[in-house]
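Peer 1:
2 protein chains.
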Amino acid sequence: MKIYISNQIPNQIRENLPQNNVTYLNSSSITESDYSQIEVAWGLDATVKDILNQNDHRLKWIQSFSAGVDYFPKEQIASQNIMVTNTSGVHSVAIANTTLLYALFFNRDLNLALDMRNQKQWNDKRNYNQLGLLTKKRWLIFGTGHIGSEIAREVRLLGGTTVGVNHTGHSAENFDSTVSDTNYDSELKKADIVVNILPLTDETHHMFNADFFEKLDHLFLFINVGRGPSVNTADLIDALDSGRVEHAALDVFEEEPLPSSSPLWNYKQVLITPHNSSVSSEMLPGVKEVFLTNLKSFLKDGKPSEKIVDLSKGY
Amino acid sequence: MKIYISNQIPNQIRENLPQNNVTYLNSSSITESDYSQIEVAWGLDATVKDILNQNDHRLKWIQSFSAGVDYFPKEQIASQNIMVTNTSGVHSVAIANTTLLYALFFNRDLNLALDMRNQKQWNDKRNYNQLGLLTKKRWLIFGTGHIGSEIAREVRLLGGTTVGVNHTGHSAENFDSTVSDTNYDSELKKADIVVNILPLTDETHHMFNADFFEKLDHLFLFINVGRGPSVNTADLIDALDSGRVEHAALDVFEEEPLPSSSPLWNYKQVLITPHNSSVSSEMLPGVKEVFLTNLKSFLKDGKPSEKIVDLSKGY
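If you're matching them up, the sequences are chains D and A in order. Residue 616 is where the first sequence starts when you use the numbering used here, and the numbers rise one by one after that. Residue 616 is where the second sequence starts when you use the numbering used here, and the numbers rise one by one after that.
(1) Scan the segment 642-727 of chain D and note each continuous beta strand (DSSP E) run of 3 residues or more that stays entirely inside, going in chain order.
(2) Using a beta-carbon distance cut-off of less than 7 Å, what residues from the segment 705-719 of chain A approach chain D?
(3) Going by DSSP in three states, Thr797 of chain A sits in which element: helix, strand or coil?
(4) Return the residue from the list A:Leu755, A:Lys830, A:Asn798 and A:Asp685 that minimises the CA-CA distance to Phe790 of chain A.
(5) Whose Cβ in chain A lies nearer than 7 Å to the Cβ of Asp739 of chain D?
(6) Please name the residue or residues paired with His862 of chain A in a DSSP beta bridge.
(7) Please look up how many angstroms separate the CB atoms of Leu834 of chain A and Glu861 of chain A, rounded, as I've assumed it's under 8 Å.
(8) Taking just the CA atoms, how far does His785 of chain A sit from Thr908 of chain D?
(9) Output needed for Pro878 of chain D: all residues of its chain with C-beta closer than 8 Å, excluding positions within five of it in sequence on either side, in chain order.
(10) Touch check for the segment 887-901 of chain A and the segment 693-708 of chain A: three-plus C-beta pairs under 8 Å?
(11) From the DSSP output, in three-state form, read off Tyr639 of chain D for me.
(12) Given a limit of 9 Å on CB to CB distance, which residues of the segment 723-738 of chain A reach chain D?
(13) Output, in sequence order along the chain, the residues in the segment 775-806 of chain D whose CB is closer than 9 Å to any CB in chain A.
(14) Whose C-beta lies closer than 6 Å to the C-beta of Val655 of chain D among residues of the same chain, with five residues either side of it excluded?
(15) Taking one C-beta from the segment 919-930 of chain D and one from the segment 676-694 of chain D each time, how about it: are there three or more such pairs within less than 8 Å?
(16) Is Leu873 of chain A helix, strand or coil by DSSP?
(17) What distance in whole Å lies between the Cβ atoms of Val846 of chain D and Ile812 of chain D, which are believed to be in contact at a cut-off of 8 Å?
(18) Our contact map puts Ala863 of chain A next to Leu855 of chain A with C-beta atoms below 8 Å; I'd like the distance itself, whole angstroms only.
(19) Could you tell me the alpha carbon to alpha carbon distance between Asp602 of chain D and Lys751 of chain A, rounded to whole angstroms?
(20) What are the boundary residues of the beta strand (DSSP E) that Ala617 of chain A is part of?
(21) List the endpoints of the continuous alpha helix (DSSP H) containing Leu899 of chain D.
(22) Can you find a C-beta in chain D that's less than 8 Å from the C-beta of Gly747 of chain A?
(23) Just to confirm, is the Cβ distance from Asp724 of chain D to Pro889 of chain A under 8 Å?
(24) Measure from the alpha carbon of Gly658 of chain D to the alpha carbon of each residue in D:Leu674, D:Glu788 and D:Glu765, then state which is nearest.
(25) Who does Phe757 of chain A pair with in a DSSP beta bridge?
(26) Classify Arg629 of chain A: buried if its beta carbon has 16 or more other beta carbons within 10 angstroms, exposed otherwise.
(27) If the criterion is Cβ atoms closer than 8 Å, does the pair Asp665 of chain A and Ser651 of chain A meet it?
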């Protein structure tokens, strides 16, 4: 059986894969005749897209490198009855830790410390009320899946209150309460911190727009660790300018890499990280483990066993 | 009864104090004749030191503004049978939250994000092994009192292992294990993060010196949220230069304010905060509550009831 490993997959997890009856190909080693023989793709790149466009291909399963599969040609894949699995859960702790870092950065006014460093000048003028704690903060978290639940777990451990937003308002682990995505207005007014960790779909595209921000009186911190296009960047900037949103921490952007011309770079109250909130020394072993578990099942039963994406929903 | 409120005490907690049979004086309102009549001092300043030098003063109790009383003339106070109470416990959560921030800052390589901001230039070159999580980190915490225990509590909630160092190695709440302050060498080699939260005494002065740092093979992060003079700064800089200590986060310094000429400002791997790790919107109400509790007891029984300092130990 032939498996294609896409350019997305880092070298360090391509080693020591099971070899029984399996041939691994990559973008350098693949030949014309392989296109119709590959049954499994690990990751998505131009070659996988080429295979999908062949009339006679045998691709049955694509294991995504990422948790989100918004960049997959989902309709085409669904119409060809190909299964897609993601790496949901692998990134949860790193994203949750990063989310705590964002909250602590602004609660402890770390910009003051960094200004001191730039100027080599001590500044201990104390505004007691400016420095906060994570206890008693109220978090409104859009997305109650693996990652949202891990964020909520860590927030609650440190004394915060967690309200989750999902489709139906169904209860979810580690959330003190939940509301539906059509019924969160009153929660928005009470929140100190809003986090987006929703998958990118037609419904969530530009969900955080002027209409959303106008519902706020004052938000201490807006965090996006989901997908960039869920936020209308111009509208977020307006909300920062008007003071409705006091701080923002953004790991993802409508355009990535974020261009040097972006006005976001000029805002001291915006913390920008390079789409790495999910990255950690534990990420690649986790990604590999998901692939190996699903590959074992595929070799035995002809299909992967875990983290199967519902292509109609997009996650 | 006359109570002196020192210049250390912020205005916002001088309001609404009990008025029955009590007169409050400050550095502007105090007169020569008051020096021999004041029984209580809230905070320590030059005037309180002047009172201590009077032969005929009646001072019986000093309520410290801070948790540490290293800057008190303790021998003189002890010889005059004056009681000292501190604010131990009031600062614990803020210091613990700040300690998590330090650990996350370097684990998530936030310097990269801040360099991006300075240069308005995206950089997503991923070194997967450079980014860490708080889970599975091993912390060696010098000091297992209120603050050390709160740091350990929060660290453990997020999956870390906590080893405490105290005088005898007695067990302490929230610590997975403890060792004595003469027996921590093997723990030092295993630690990822070392935290100092010991009070400053003759024993702890320059305790973190070349001898200490030479026992390390490689430490990810050294944190000082105790007192500056517990660290020999020149020796810490040598340890940073040699790579034994990879990062440091310092809230306190041998000389405060830290002078602009300090070489510490030049180290990107050193995070400097202006002795504010304990400050938060909850600090002043907490400080006031301790004073009011002790004042109530003093007015009734002639002595304060809680957070009494052992002047022979210095904490």
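Beta carbons: idealized from backbone N, C-alpha and C, even for Gly.
Peer 2: With the structure as the only source:
(1) 653-657, 676-678 and 698-700
(2) Val708, Ala709, Asn712, Thr713, Leu715, Leu716 and Leu719
(3) coil
(4) A:Leu755
(5) Pro872, Pro889, His890 and Asn891
(6) A:Leu836
(7) 7 Å
(8) 46 Å
(9) Ile852
(10) yes
(11) strand
(12) Arg723, Asp724, Leu725, Leu727, Ala728, Leu729, Met731, Arg732, Asn733, Gln734, Lys735, Gln736, Trp737 and Asn738
(13) none
(14) Ile618 and Trp676
(15) yes
(16) coil
(17) Not really, about 12 Å apart at Cβ, beyond 8 Å.
(18) 6 Å
(19) Since the first residue shown for chain D is 616 and the last is 930, residue 602 of chain D is missing from the structure and cannot be characterised.
(20) Note that residue 617 of chain A corresponds to Lys in the displayed sequence, not to Ala. Looking at the DSSP string, the run of the beta strand (DSSP E) that includes Lys617 of chain A is Lys617 to Ile620.
(21) Met898 to Asp916
(22) yes
(23) no
(24) D:Leu674
(25) A:Val780 and A:Asn811
(26) exposed
(27) no
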